[in-house]
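In this note's numbering, the protein residues as written are 11 to 364. Take a look at the structure below.
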Ligand code: NAD
Ligand code: GLY
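Put into structure tokens, the structure is as follows:
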């Protein structure tokens, strides 16, 4: 097992290894007294791993409850959040108890937001079961639910007490979801790690997952330590996400988050070439890595809809939007563009072309 220590408003460890679920209770008891522990999960993940986690929490002496909701982005909303809050209240869960997010980014984001706001803040732990959650969403304390107007519009920064990443859970993850996780991994490569990028471009889904997860988790740990509240460097983690979130919204959330990131990464890199920020080779390499991982690259939604969706995104500032723009594999820059500029960048990225 590898341990990465995160330094933030609350320090915590990320534990990465195999066969860790059976020890989850003991590993969480190390972070503080276990009175009541509530396992929050979705209806795909809970039947697979809920039993092992609940048993191990019971062995560690906790009163264990579970809250399970339908899987998918459509559940990451105020209704599910309210359901969880009312459940916690009805079960007399207190602020010294623990929520355990067992699942992908949807479960993690929603559980974190509930933990941050229930009785003004209780402890929570992340047990990521998707590649995307292992390399990205379980680390760094961004919590949120979606509103009708856009993704992640209600949320806050709130760090977990521990992240337990059991690589073995990826064995049951559908291949399409593995591909989605790879979109975030490619993103990390473009932001700051040429070796990681080359490995994924060469090996695709056969890349060694231990190496991939540890490398991304370490990169995220370092970025969060330097910019926990997303005022500068951390924004780079949104590479591909501004156009990606817009595509997700235009699809009515029918495309997966990682697919949207892959489309957004392609569009912003195309635009970066057109506007002289990076060369053709960077675009070719990016397209190749996405192709090897079986990810989509084209955005089929109309330019007007995409621009409107991007401008309602939370990254919109009074003056426009901050775009994360690749300069080469391993280096990006932040470019602030006006509302009109967003449309122009999208067009340069091939959005709205047949
Ligand atoms: P997800 O949580 O919806 O999981 C994807 C699917 O895989 C679901 O159907 C789930 O039930 C299933 N699943 C999960 N683990 C499984 C397993 N081991 N075996 C079988 N099936 C399994 O989606 P995701 O891709 O993990 O996360 C996407 C979400 O994460 C989005 O809402 C996105 O906004 C958010 N996100 C947050 C951050 C952050 O920093 N907080 C970063 C990136 C993405
Ligand atoms: N996934 C973006 C962030 O954590 O900042």
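Note that CB positions come from ideal geometry on N, CA and C, so glycine has one too.
Does DSSP put residue 57 in a helix, a strand or coil? helix
From residue 122 to residue 91, what distance separates their C-alpha atoms? 10 Å
Among 239, 209, 241, which has the Cα closest to the Cα of residue 226? 209
Helix, strand or coil at residue 86 [DSSP, three-state]: coil
Please report the residue range of the alpha helix (DSSP H) in which residue 119 lies. 115-127
I need the DSSP call for residue 22, collapsed to helix, strand or coil. strand
Less than 8 Å separating the beta-carbons of residue 166 and residue 126? yes
With a threshold of 6 Å on Cβ separation, who are the neighbours of residue 270 within its own chain once the five nearest residues in sequence on each side are excluded? 254, 257, 258
Thinking just about the alpha-carbon of each residue, which of 113, 159, 163 is nearest to the one in residue 174? 113
Select from 154, 35, 178, 268 the residue whose C-alpha is nearest the C-alpha of residue 304. 268
Helix, strand or coil at residue 324 according to DSSP, with G and I counted as helix: Per-residue confidence for residue 324 stands at a pLDDT of 48, beneath the threshold of 50, marking its modelled position as unreliable; no derived number is given.
Give the DSSP-derived three-state secondary structure of residue 239 in the structure shown. coil
Run of the beta strand (DSSP E) containing residue 135, from where it starts to where it stops: 133-138
Go ahead and pull the three-state DSSP assignment for residue 156. strand
Given residue 62, which residues of its chain have a CB within under 8 Å of its CB, disregarding the five upstream and five downstream residues? 31, 32, 34
Closest residue to residue 50 among 342, 85, 187 (Cα-Cα distance): 85
Cβ-heavy atom distance between residue 147 and the ligand NAD below 7 Å? yes
Check whether the segment 225-239 touches the segment 140-152, counting contact only when three or more Cβ pairs, one atom from each stretch, lie closer than 8 Å. yes
Can you tell which of 187, 310, 124, 261 has the C-alpha that lies nearest to the C-alpha of residue 155? 124
What separation, rounded to the nearest whole angstrom, lies between the Cα atoms of residue 38 and residue 44? 8 Å
Examine the ligand NAD and report whether any of its heavy atoms sits within less than 7 Å of the Cβ of residue 52. yes
Would you call residue 211 buried or exposed, if buried means 16 or more other Cβ atoms sit within 10 Å of its Cβ? buried
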